[in-house]
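Position in the sequence shown (first residue = 1) + 170 = the working numbering.
All C-beta atoms in this analysis are idealised placements derived from N, C-alpha and C, irrespective of residue type, glycine included.
Input: a single structure, listed below in structure tokens.
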Amino acid sequence: MKIDLDTPINKEVFKQQNDISVKPKEINFEDFTDLELWTVLVSWIDETGKLSVRDKVFSKNIIKAIKKNGAPSFPQMKVANKILSSARKKGFSK
Numbered sequence: 171m172k173i174d175l176d177t178p179i180n181k182e183v184f185k186q187q188n189d190i191s192v193k194p195k196e197i198n199f200e201d202f203t204d205l206e207l208w209t210v211l212v213s214w215i216d217e218t219g220k221l222s223v224r225d226k227v228f229s230k231n232i233i234k235a236i237k238k239n240g241a242p243s244f245p246q247m248k249v250a251n252k253i254l255s256s257a258r259k260k261g262f263s264k
């Protein structure tokens, strides 16, 4: 493979790709206390099968944590965020 070092660089594109000042998407903590959201998510996983059984079981544990403590623990929130993000990418909307 030959690399052409004389190719001009579009500085604006380079700046956008490497801009560290861009804020990451903020976590909505209300999602972690929304019992209805997690109940609907478990039903959605049952109907569509787009997430694993493991994600479904974990989501049921989130429901138990919300009922018992009002919210899951912070370690549970990390995993719950990944599950919810994955579900939304695959078509879940709530």
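Residue 234 is not a Cβ neighbour of residue 261, given a cutoff of 9 angstroms.
Taking C-alpha positions only, residue 241 is separated from residue 216 by approximately 23 angstroms. At a Cβ-Cβ threshold of 9 angstroms, residue 199 and residue 232 do not count as neighbours. Taking 9 angstroms as the cut-off, the beta carbon of residue 204 is found closer than this to the beta carbon of residue 236. Residue 221 sits in coil when the DSSP states are folded into three classes, being neither helix nor strand. Under the DSSP assignment, residue 262 falls outside any alpha helix (DSSP H); it carries neither an H nor an E label. Less than 9 angstroms separates the beta-carbon of residue 208 from that of residue 229.
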